[in-house]
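Down below is the structure, laid out as structure tokens.
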Amino acid sequence: MQKAGFVEGQNVAIEYRWSGGQHDQLPKLAADLVRRQVAVIVAAGNDAAIAAKAATTTIPIAFAIGDDPVQMGIVAGLNRPEGNVSGVTFYSGVLGAKGVEILHELVPTAAAIGLLINPNSPAAETQVREARSATQALGKQLHIMSARNERDIDTGFAVLKQRGVGALLVSGNAEFTGQLDRIVALAARHSLPSMYPLDVFVAAGGLMSYGASITDAYRQVGVYTGRILKGAKPADLPVVQSTKFKLVINLTTAKALGIEVPETLLATADELIK
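Each residue of the sequence shown is one higher than the last, beginning at 0 in numbering that gives the first Met the number 0.
Written as structure tokens, this is what we have:
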């Protein structure tokens, strides 16, 4: 936004609203911003975008989400969003196959791979299909761990370990990103090599990630917000799809798990955390 000429406290005021993980509060928070007649609503996450869209058809909305906004019914199309909503998607549903392949390269002895998935996610079906196809091609089993809340996540890790799962693929989902510290800690507690959809998991101590840069996504949301404040209409701004994907490996975590990262992965990694 600063690049667009908007500096908080000088020529723009930002009203922050945070649900603290209580997603049922988002409609109330969105309605409050509408009553305040803000110039634009920036929605971070799937549920926030849905709540904002339901709250107003006139105030411009710029979103950053991890799922397909068309499938979610937030926009009519990627190139022509229509209405008062547009933004950025770092959609990772189709990256499951790549994640499985990298896990296999890192832990080739794992006969079974687990998939942590939120069944409520619009992308769940695609994520399962991609992961199942990849594991079958490698001659491995796939164990699906459905989790809608913290309790599901806690019990799911124990179940996967009991089933002899040797590696875990965490699907892209806003709920999981909000629980990243818990998920990373559980993976460490159960000594389960895990692949995550975003680099923020690896920065928090996760083993590795393959996916879009979430910081780049939010930077683009700031660009769109600045353009909207200058008069652009969301309907004229195509939804930006992340095209830059990177592999990040936490070497400290790999050492703690007793894993020696192959030279091929070290050479192809975009970032190594030591």
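Note that CB positions come from ideal geometry on N, CA and C, so glycine has one too.
Rounded to the nearest whole angstrom, the C-alpha separation of residue 143 and residue 36 is 44 Å.
The three-state reading of DSSP puts residue 183 in helix, counting H, G and I together. Rounded to whole angstroms, the gap between the alpha carbons of residue 208 and residue 194 is 5 Å. Following the DSSP letters along the chain, one finds residue 116 inside the beta strand (DSSP E) bounded by residues 111 to 116. Taking a 10 Å sphere around the C-beta of residue 152, we find 16 or more other C-beta atoms and assign the residue as buried. Residue 1 and residue 229 have their C-alpha atoms spaced approximately 13 Å apart.
Between the C-alpha atoms of residue 13 and residue 7 there is a straight-line separation of about 7 Å. In the DSSP annotation of this structure, the continuous segment of the beta strand (DSSP E) that includes residue 143 starts and ends at 140 to 145.
Going by beta carbons, residue 140 and residue 111 fall inside the 9 Å limit. Annotated three-state conformation of residue 104 is helix, per DSSP. In this structure, DSSP gives residue 124 a helical state, which the three-state scheme calls helix.
The residue among 165, 164, 150 and 213 with its C-alpha nearest the C-alpha of residue 176 is 213. Taking all protein chains in view, the Cβ of residue 21 is surrounded by fewer than 16 other Cβ atoms within 10 Å, so the residue is classified as exposed. Your pair residue 99 and residue 146 does not check out as a contact, with CB atoms roughly 19 Å apart and the cut at 8 Å. In the three-state scheme derived from DSSP, where H, G and I count as helix and E and B as strand, residue 29 is classed as helix. The C-beta separation of residue 119 from residue 237 comes to about 27 Å, leaving the pair out of contact by the 8 Å criterion. The criterion of a C-beta distance shorter than 9 Å is satisfied by residue 260 and residue 105. Burial is judged here by how many other beta carbons sit within 10 angstroms of a residue's own beta carbon; residue 57 has fewer than 16 and is exposed. For the 9 Å CB-CB criterion, residue 192 and residue 248 do not form a contact. DSSP places residue 175 within a helical segment (H, G or I) once states are collapsed to three. Annotation for residue 227: 39, 59, 61 and 233 place their beta carbon closer than 7 Å to its own, counting only its chain and skipping 5 residues before and after.
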